[in-house]
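Written out below as structure tokens is the structure these notes cover.
Number of protein chains: 2
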Amino acid sequence: MTKLIIDFFDEIKYELSVVEKELMSAVRCPDPLLTEAATHLVSAGGKRLRPIFCLLGGKFYNFNLDRLVSLAVALELIHMATLVHDDVVDSSMTRRGIPTIKARWGNKISAHLGDYLLGKSLVLIAQYKDPLIPKVLADTSVKMCEGEIVQIATSFNTNQALRDYFYRINRKTALLISASCKLGAVACGAPEQLHQALHRFGHHIGMAFQITDDILDMTAEQVKLGKPIGGDLRQGIITLPAIYALHNSPQRERLRKIATNRNKSDADVDEAIELITECGGVEYAAGVAKKYITKAKQELAELPDVPVKKTMQTIADFVGIRSF
Amino acid sequence: MTKLIIDFFDEIKYELSVVEKELMSAVRCPDPLLTEAATHLVSAGGKRLRPIFCLLGGKFYNFNLDRLVSLAVALELIHMATLVHDDVVDSSMTRRGIPTIKARWGNKISAHLGDYLLGKSLVLIAQYKDPLIPKVLADTSVKMCEGEIVQIATSFNTNQALRDYFYRINRKTALLISASCKLGAVACGAPEQLHQALHRFGHHIGMAFQITDDILDMTAEQVKLGKPIGGDLRQGIITLPAIYALHNSPQRERLRKIATNRNKSDADVDEAIELITECGGVEYAAGVAKKYITKAKQELAELPDVPVKKTMQTIADFVGIRSF
């Protein structure tokens, strides 16, 4: 998956390889268990979207790799930390057969490993003199937690409005992507007008990205997704296609019944996805994602004409059509 | 408990009340669940040792409450976050009847609540211009995680040397207390010589504090401790009195057998504590704590003669004799 994405980014191929190396060395420490768990995480790959956006953001001004590497690594570490903490589960919520950090090392290690990654990101961020960088990242991490908690608090709640969903995914995903685009430019000394435009671009892309992710959780092939389909429904996370269907499906009462059931069978999940798709829930969500992509591209149009602008457009398109 | 400690500190009574108010308001947020859980934590009290040391550290130079409050609150939030993440357990490790955040809200909430507290501390720290403050706290949080992970990795391991124990408690406890003393002075603009002396004082006090804590886990009355005696042994955490006994008790093989048993009965725990006490393990640990207190007081002697110095001495003595 990593490889595929990197292919889009010939312009920052070298820079990404430097980030990757630094990421690997950032998580090493005197403790072998911690190093092993963290290295396992880094090696497992990922799209490295946040470092990519950070580097691309920097390309809009006086690009300086030395100034960007630590920030790019820190952004990925923050992202990884949230993934690890998201793996912390309660016994009743354990999903069988998914090899998460938690499954391999347990909840307690996950809690501390996430903190460790976060701590390493703080060490990197502390190098920056511009106060905007720690400030934006601190605010972002608080809001990301708010998003995670709201997601737990509203799980299995089928009476959600669209704005509840947008509030959640903004915090869960869009804010850090938006911060990545913006801070890449900030680290290179870009003026406020430029980094604010990148911030808006990142917001729209981040929203589209999460909506697409939520669609894929219902429509992807299991092999490509790397996890069972319908994971969100199983965990009680009500995403955009489901919210649409809960308001518009002629069989919304049946859907509500399945969605609120904490012990769904595989057949239940399949049925729910069918009901959601039938009434146009997936199509609706794809339309919303498309609108965000259009907005992102409009934002891009206002940005300076640098070579990397085309790459940003390609990402915008890719976010809308990706199938994994 | 909080009240008792505050009585020692008439000199910073007002300042502590300001910190307490700020702490309470720092954890409020738009989300009611998050605010409730965090407020519950703050209201549950605690000794507020880190804010106390931060304020006292500031008293050695140009004391300025406005410059100290956010730092003092941030230090307590970092401490609270580690406690919350320490509450994350694996089902096999769940201890019955102990009302932790985990017991009330579950592992998943604990993971995100801890991150939230940490995030709030970052927002506060981002206000400081002196780069030493974020740097020291970032380094400290990484090392604290290393300590926590080593504690997990070495649990139920009865072949530990003294230096393994000191490595662990330095990271788990002493570093943040030491940072509190030091950064209080840093925030008030103190010169390096002064904050390095406070750093050393904090290190010795922190070590003594954790050793005493580990002794109390074996000797305190359950009511005063607020949790069952022998909790460390139950969780497989081998502390100083146990390490001494595992090397010196004539019945060390029996002790080893109990200590490595993951399903100890209450009678097993009582027997182990008796074996440890009988051979002088508790006395030995108390002697080590006393040595650290002596070192702390020597460090104090070198510090400028400010009124608060006497309070620091009182704390040093108190850490050695406290019974809760």
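In order, the protein sequence lines correspond to chains A and B.
So for the first sequence, my numbering puts the first residue at 19; every next one is plus one.
So for the second sequence, my numbering puts the first residue at 19; every next one is plus one.
A virtual CB, placed ideally from N, CA and C, is assigned to each residue, including glycine.
Skipping 5 residues on each side, what residues in its chain have a beta carbon closer than 6 Å to that of B/R114?
Legend: pLDDT at B/R114 = 37, less than 50; position of this residue unreliable, no value from coordinates given.
So which of B/D148, B/P152, B/E164 has the shortest CA-CA distance to A/T53?
A/T53 has its Cα closest to that of B/E164, out of B/D148, B/P152, B/E164.
Among residues of its own chain, excluding the 5 on either side of A/F131, which ones have a beta-carbon nearer than 6 Å to its beta-carbon?
Residue 131 of chain A is actually Leu in this sequence, not Phe. Excluding positions up to five away in sequence, the list reads A55, V102.
DSSP on A/P268, reduced to helix/strand/coil?
In this structure, A/P268 counts as coil in the three-state DSSP scheme.
Give the secondary structure of A/Q178 by DSSP, where H, G and I count as helix, E and B as strand, and everything else as coil.
Of the three classes helix, strand and coil, the one that applies to A/Q178 here is coil, per DSSP.
In chain order, what residues of the same chain have a beta carbon less than 7 Å from the beta carbon of B/E289, not counting five sequence neighbours either side?
If we look at B/E289 and ignore the five residues flanking it on each side, its Cβ neighbours are I276.
Assuming B/N419 is part of the alpha helix (DSSP H), what are its boundary residues?
Past the edges of chain B, shown from 19 to 342, lies residue 419 of chain B, and the structure says nothing about it.
Could you check how far apart the C-beta atoms of A/F81 and A/A208 are, in whole angstroms? I think they sit under 8 Å.
Not really, about 10 Å apart at Cβ, beyond 8 Å.
Is the beta carbon of B/I13 sitting closer than 8 Å to the one on B/L73?
With chain B running from 19 to 342 in the structure shown, residue 13 of chain B is simply not present.
In or out: B/I333 buried (at least 16 other Cβ within 10 Å) or exposed?
Buried: at least 16 other Cβ atoms inside 10 Å.
Are the CB atoms of B/P259 and B/I294 nearer to each other than 8 Å?
Closer than 8 Å, so yes.
With contact counted as at least three CB pairs below 8 Å, one residue from each stretch, are the stretch 210-223 of chain B and the stretch 317-332 of chain B in contact?
With a cut-off of 8 Å, the stretch 317-332 of chain B and the stretch 210-223 of chain B count as touching, because enough Cβ pairs lie within range.
Using only CA atoms, which one of A/T176, A/D232, A/T172, A/Y146 lies nearest to A/V191?
Before going further, note that residue 191 of chain A is Thr rather than Val in the sequence given. Nearest option by C-alpha distance: A/D232.
Would B/L194 and B/R68 qualify as a contact pair, given that the criterion is a beta-carbon distance under 8 Å?
For B/L194 and B/R68, yes; Cβs fall inside 8 Å.
How close, in whole Å, do the beta carbons of B/L136 and B/A179 come, if the pair is a contact with beta carbons under 8 Å?
Not confirmed; about 32 Å, so no contact.
Whole alpha helix (DSSP H) runs in the stretch 123-190 of chain B with 4 or more residues, listed along the chain?
List check, alpha helix (DSSP H) in window: 125-143, 150-171, 180-187.
For A/H130, decide whether its Cβ has a neighbour in chain B, counting only Cβ atoms nearer than 8 Å.
It does; some Cβ of chain B falls within 8 Å.
Using a 10 Å radius around the Cβ and a threshold of 16 neighbouring Cβ atoms, would you call A/T57 buried or exposed?
The residue is exposed, with fewer than 16 neighbouring Cβ atoms inside 10 Å.
Under 8 Å between the Cβ atoms of B/V37 and B/I223?
Going by C-beta atoms, B/V37 is not nearer than 8 Å to B/I223.
Please confirm whether A/I311 and A/Y183 have their CB atoms less than 8 Å apart.
Contact: no.
Between B/K126 and A/V160, which are expected to be in contact by the criterion C-beta below 8 Å, what is the C-beta distance as a whole number of angstroms?
No, B/K126 and A/V160 are not in contact; Cβ-Cβ is about 18 Å, not under 8 Å.
Which same chain residues end up closer than 6 Å to B/R46 when comparing Cβ atoms and leaving out the 5 residues on each side of it in sequence?
Result list for B/R46: T53, in chain order.
Any Cβ of chain B within less than 8 Å of the Cβ of A/E166?
Closer than 8 Å: yes.
Could you check how far apart the C-beta atoms of A/F350 and A/G220 are, in whole angstroms? I think they sit under 8 Å.
No information on residue 350 of chain A is available, as it lies outside the stretch 19 to 342 that chain A covers here.
Output the boundary residues of the alpha helix (DSSP H) element that contains B/V204.
Taken as a continuous stretch (DSSP letters only), the alpha helix (DSSP H) holding B/V204 covers 193-205.
Kindly give me the distance between the Cβ atoms of B/I229 and B/I187, rounded to whole angstroms, as I take these residues to be in contact under 8 Å.
Rounded, the Cβ-Cβ distance is 7 Å, consistent with contact.
Label B/S88 either buried or exposed according to how many other C-beta atoms from any shown protein chain fall within 10 Å of its C-beta, with 16 as the threshold for buried.
The residue in question, B/S88, is buried, as its Cβ has 16 or more Cβ neighbours within 10 Å.
Would you please verify whether the beta carbon of A/A171 is less than 8 Å from any beta carbon of chain B?
Yes, because at least one Cβ of chain B sits closer than 8 Å to the Cβ of A/A171.
Please list, in chain order, the chain A residues whose beta carbon lies closer than 8 Å to that of B/Y134.
Here the neighbours are V160, C163, E164, I167.
For A/D49, go through chain B and note every residue whose CB falls closer than 8 Å to its CB, in chain order.
In chain order: E164, I167, V168, A171.
Under the assumption that A/L93 contacts A/S198 (Cβ atoms under 8 Å), give the Cβ distance between them as a whole number of angstroms.
Contact holds; Cβ gap of about 5 Å.
Cβ of A/A90 less than 8 Å from any chain B Cβ?
False, the Cβ-Cβ gap to chain B never drops below 8 Å.
Label B/K200 either buried or exposed according to how many other C-beta atoms from any shown protein chain fall within 10 Å of its C-beta, with 16 as the threshold for buried.
Burial call: buried.
Inspect the beta-carbon positions of B/P152 and A/L140 and report whether they are closer than 8 Å.
In contact: B/P152 and A/L140 (Cβ atoms closer than 8 Å).
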